[in-house]
Amino acid sequence: MLSSGMLRGLWEFRGFILSSVKREFQSKYRNSLLGALWMVINPLAMILVYTVIFSQVMSAKLPGIDSTFSYSIYLCAGILTWGFFAEITGRAQNMFLEQANLLKKLSFPRLCLPVIVVVNASLNFSIIFILFTLFLLLSDNFPGWSFIALVPVLAIQTVFAIGLGMSLGVLNVFFRDVGQLFGVVLQFWFWLTPIIYPITILPERFRPMMSLNPMAQLVEAYQNILVSNQWPDWNGLLPVALLAILLCTLGAHLFRKHSGEMVDEL
Numbered sequence: 345m346l347s348s349g350m351l352r353g354l355w356e357f358r359g360f361i362l363s364s365v366k367r368e369f370q371s372k373y374r375n376s377l378l379g380a381l382w383m384v385i386n387p388l389a390m391i392l393v394y395t396v397i398f399s400q401v402m403s404a405k406l407p408g409i410d411s412t413f414s415y416s417i418y419l420c421a422g423i424l425t426w427g428f429f430a431e432i433t434g435r436a437q438n439m440f441l442e443q444a445n446l447l448k449k450l451s452f453p454r455l456c457l458p459v460i461v462v463v464n465a466s467l468n469f470s471i472i473f474i475l476f477t478l479f480l481l482l483s484d485n486f487p488g489w490s491f492i493a494l495v496p497v498l499a500i501q502t503v504f505a506i507g508l509g510m511s512l513g514v515l516n517v518f519f520r521d522v523g524q525l526f527g528v529v530l531q532f533w534f535w536l537t538p539i540i541y542p543i544t545i546l547p548e549r550f551r552p553m554m555s556l557n558p559m560a561q562l563v564e565a566y567q568n569i570l571v572s573n574q575w576p577d578w579n580g581l582l583p584v585a586l587l588a589i590l591l592c593t594l595g596a597h598l599f600r601k602h603s604g605e606m607v608d609e610l
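Going letter by letter, the sequence shown gives residues 345 to 610 in this note's numbering.
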C-alpha cells in the first residue's frame, strides 16, 4: 500500500510528526487542572452510566456473564475500542480543513497528516487501555494467551478507521456537509453495534444483518478476547480486513487525484 518513496518521506519528516503529536497532546490539556486524566475520566463516566442503567437489565441476558462487575468489563471491551475508532475517523475527516494553513505554506509529505492522527489516537488509547489491562490483572480477570490476539484486531481496526477517515477527509474539503453528516451517522452506528447489548437479544431475523457492520465484527472480537478468553473468529474478520485495505486504497487515490484542487478549496 505504501511505496518505498512514501516510507522514506515519512522517515525524513519523523521529527515533524513527533513534534506535531507532542504539540497537540500538550495543547489539548493546557490550562487544565486534571490534564491527561480527562481522557480516562470521560470514558469511565460513560461506562459507569451504562453499567448503572443497563446492568440489571442486561447482565442476565449476557451468555456467561452473571454480575455487574463482569458486565462492566464487557462494556469496557466495546466502549474503549469504539472510542479509538471514533477518534481516528473524527479527526481524519477534518484533518485537511484543520491543517489548511500548514498545507498552503509548507512543503511536506501529506501522508504525515493521517500518520499524526493515528499516532495521537493511539497514544490516547494506549494510556487508558494500559490502565484497563492493569485493572484486569489486579482483579484476576486477565484473559490469558488470547490477549495477544488484540494486536492484529487493533491493526485491522486502525487501517479501517484511517482509510474511512481519509476518504471522508478528502470529500469533506469539497462538500462540508460530509463532516456534519458523519457525526450523525456515527451516533446511529454506535447504537447499531452490540457494545452495550449482546447480539443474542436481537430478533433472529435481524442478527444476520450484523455481518454487514464491520464494527460489529471487531467489537465482538474484542469482547471474545477480553470477556470470554476466546480467540477471535478470523474468518469473520477477513472481510473487514479486506474492506480496510480497500478504503485505504480509495483514500490514497482520492487524495492523489484531488490534492491540487484541495489546496484551492481550503
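Think of the CB as a built atom: it goes at the ideal place given N, C-alpha and C, for glycine as much as any other residue.
The structure displayed is predicted, hence computed values, not measured ones.
Asked	Found
Beta-carbon gap between residue 384 and residue 472 smaller than 9 Å	yes
Euclidean distance between Cα positions of residue 393 and residue 508	29 Å
Ranges of the alpha helix (DSSP H) found wholly within the region 516 to 568, counting only runs of at least 4	521 to 535
Limits of the alpha helix (DSSP H) - the one that residue 462 falls within	456 to 482
Closest by C-alpha distance to residue 467, when choosing among 593, 368, 606, 517	368
DSSP state of residue 596 mapped onto helix, strand, coil	helix
Proximity to residue 588 [Cα-Cα], best of 545, 599, 498	498
Residue 544, buried or exposed, once every other Cβ within 10 Å from all chains shown has been counted against 16	exposed
Residue of 418, 501, 361 minimising C-alpha distance to residue 430	501
Nearest-angstrom beta carbon gap, residue 584 and residue 504 [assumed within contact, 8 Å]	6 Å
Check whether residue 413 and residue 490 have beta carbons under 9 Å apart	no
Local Cβ density within 10 Å of residue 474, reported as buried at 16 or more and exposed below that	exposed
Residue 445: first and last residue of the uninterrupted alpha helix (DSSP H) it sits in	444 to 449
Span separating the alpha-carbon of residue 538 from that of residue 546	10 Å
Three-state secondary structure assigned by DSSP to residue 571	coil
Touch test, the region 417 to 437 against the region 516 to 526, Cβ-Cβ under 8 Å, three pairs minimum	yes
Candidates 389, 513, 422, of which the one nearest residue 433 by Cα	513
Selection from 423, 420, 463, 422 that minimises the alpha carbon distance to residue 360	463
Minimum C-alpha distance to residue 495 - residue among 565, 364, 605	565
Sequence-distant residues of its chain with Cβ nearer than 6 Å to residue 469 (five each side left out)	428
Spatial distance of residue 571 from residue 581 (CA atoms)	18 Å
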